[in-house]
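*Asks:* Before we start, here is the structure in question, set down as structure tokens.
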Amino acid sequence: MERSLVKANPCSGWRHVRWRPAGLTAFVVTLVISQPSLARKIHSYEPLMMDPYATIYVNDGSCSAGKVLKVQGMPKNQRRRKSCVPLSDITGGLPASSPK
Numbered sequence: 075m076e077r078s079l080v081k082a083n084p085c086s087g088w089r090h091v092r093w094r095p096a097g098l099t100a101f102v103v104t105l106v107i108s109q110p111s112l113a114r115k116i117h118s119y120e121p122l123m124m125d126p127y128a129t130i131y132v133n134d135g136s137c138s139a140g141k142v143l144k145v146q147g148m149p150k151n152q153r154r155r156k157s158c159v160p161l162s163d164i165t166g167g168l169p170a171s172s173p174k
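The opening position of the sequence shown corresponds to residue 75 in this note's numbering, with each subsequent residue numbered one higher.
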């Protein structure tokens, strides 16, 4: 009886796959860039319920052309803070799509 002298590679399989530094860096950069754009969504109407101290932007036509309504939620028994801000400040200079 002869025993096989070939040993199995301990690094084989998906358990030992390592991310390359360039791939990991690209993933982190993509994640950081995408998060601010998700936070600046412009709504077509003001929601009934809002978290305290949350900020949303509403384009319902209540402000003049080129501006949107900035609504900040407040704790109980306080009114929401509302102000009109230029659309260019929110989008970072990019043209915004028209509401449907």
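Backbone N, C-alpha and C define an ideal beta-carbon position, used for all residues, glycine too.
Going by DSSP, name the residue or residues bridged to R155.
*Replies:* Indexing the sequence shown from 1 puts residue 155 at position 81. Q146.
*Asks:* Tell me whether the beta-carbon of V132 lies closer than 8 angstroms to the beta-carbon of L122.
*Replies:* Residue numbering aside, residue 132 sits at position 58 when the sequence shown is read from its first letter. Residue numbering aside, residue 122 sits at position 48 when the sequence shown is read from its first letter. Not in contact: V132 and L122 (Cβ atoms no closer than 8 angstroms).
*Asks:* Kindly list the residues whose CB is nearer than 6 angstroms to the CB of C137, restricted to its own chain and excluding five residues on each side of it in sequence; keep chain order.
*Replies:* Here the question's residue 137 lines up with position 63 in the sequence shown. So the list reads L143 and C158, once near-sequence residues are dropped.
*Asks:* Over what stretch of residues does the beta strand (DSSP E) that includes Y131 continue unbroken?
*Replies:* As a first step, residue 131 is located in the sequence shown; it is residue number 57 there, counting from the start. Counting along the chain, the beta strand (DSSP E) containing Y131 begins and ends at T129 to V132.
*Asks:* Give the straight-line distance between the Cα atoms of S162 and M124, rounded to the nearest whole angstrom.
*Replies:* Residue mapping note: residue 162 aligns to position 88 of the sequence shown, counting from 1. Residue mapping note: residue 124 aligns to position 50 of the sequence shown, counting from 1. Answer to the nearest angstrom: the Cα atoms are 24 angstroms apart.
*Asks:* Is E120 near V145, with beta carbons less than 8 angstroms apart?
*Replies:* Walking along the sequence shown from the start, residue 120 turns up at place 46. Walking along the sequence shown from the start, residue 145 turns up at place 71. Yes, they are a contact pair.
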